[in-house]
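To start, the structure under review is shown below, and the notes come after it.
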Amino acid sequence: MDLSDDWISVEVPEIETLPRPVYLRSQCLPARHIFPVHSHRWNQFVYATSGTLVVTVEDCWYVITPEQAIWVPTGVLHTTGALNGAAFRNLYVADLPGLGMPRTCTAFAVSPFLRALIIELVDGAKRNEDDIYIAQVNGLILEQLRRLPVQDFHLPWPKSPMLRKICEALYANPADPRGADEWGAELGASSRTLARRFEKELGITLREWRHRLRLFRAVEWLGAGRSVTDIALELGYASTSAFTYMFRQEMGCSPTEYRGR
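Residue numbering for the sequence shown follows this note's numbering, starting at 45 and increasing by one per position.
This is the structure in structure tokens:
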């Protein structure tokens, strides 16, 4: 499945050089609009103050809510799209000496303070604040970036046609109950072979991938304003309480509380 299928491509802005070590670029992305695969000559902190983003790096999908962000190092190919519309508040960060940030794509939990600093950059630009003040805010942003906790929340995607067929079907219908035995019979492979290939290619079992997919889609649908009951049923849970329990275990809050944030 190609994330760009049925999505509207958005032109990547041309920026020759960064005017300062930390540079904010704001843009409102409508639902199902996406930047094509590209890279930058600097690091990127992909973030939205509202709405839900999906970032792809190689075969990993990252769902980004206003509580999360993705660090994309210099030169890494990636795409960014808005699932349900998003206030895209992107930070470009120069490769400063002693930056202290990962050299691989990394998901972070965004602190309320960092979110406030990013919003202040937006407001400061509207007020035409002087360079000294903006540099002070940027300095605080750099300090906050180094203190963010890592968050492992992504959905790996297979390359082989056999596994892609399974993942595409489950993505379209997360409630599909078929396990390795049923899929193996349909695709002409033993359940053991299928399970081994799944773990080798994606690093997790089919069961674990299905669980992560349901959480992935739950975040997407909560961002779209769907009811908790509808989401629970479409994901294949027997009851709203069972879905709520899973969500709380993974995200630390109920679906209703998560959407309220």
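Every residue, glycine too, gets a C-beta built ideally from N, C-alpha and C.
Helix, strand or coil at residue i [DSSP, three-state]
| i | result |
| --- | --- |
| M45 | Model confidence at M45 stands at a pLDDT of 45, short of 50, so the residue's coordinates are unreliable; what they give is reported in the following sentence. Here M45 sits in coil by DSSP. |
| V54 | coil |
| P218 | coil |
| F197 | coil |
| R208 | helix |
| V272 | helix |
| R171 | coil |
| L135 | strand |
| R64 | coil |
| S283 | coil |
Opening and closing residue of the alpha helix (DSSP H) in which residue i lies
| i | result |
| --- | --- |
| N310 | Within the shown structure, residues of the chain are numbered from 45 to 305, placing residue 310 beyond reach of any answer. |
| N182 | D175 to L189 |
| I114 | Careful: I114 lies outside any alpha helix (DSSP H), inside the beta strand (DSSP E) at Q112 to V116. |
| P299 | P299 to G304 |
Beta carbon of residue i nearer than 8 Å to that of residue j
| i | j | result |
| --- | --- | --- |
| A153 | Q88 | no |
| S155 | Q180 | no |
| P221 | A262 | no |
| T96 | E264 | yes |
Rounded separation between residue i and residue j - CA only
| i | j | result |
| --- | --- | --- |
| M206 | H77 | 28 Å |
| E173 | L135 | 18 Å |
| R85 | P146 | 16 Å |
| P193 | G232 | 43 Å |
| V116 | V90 | 7 Å |
| I185 | F260 | 28 Å |
| V137 | L62 | 8 Å |
| D50 | G125 | 12 Å |
| A92 | V98 | 11 Å |
Residue burial classification, residue i (beta-carbon count within 10 angstroms, cutoff 16)
| i | result |
| --- | --- |
| G304 | exposed |
| R1 | The chain is shown only over 45 to 305; residue 1 falls outside these bounds and no answer can be derived. |
| Y106 | buried |
| A82 | In the sequence under discussion, the amino acid at residue 82 is His, which differs from the Ala named in the question. It is exposed - the Cβ of H82 has fewer than 16 other Cβ atoms within 10 Å. |
| F157 | exposed |
| R254 | buried |
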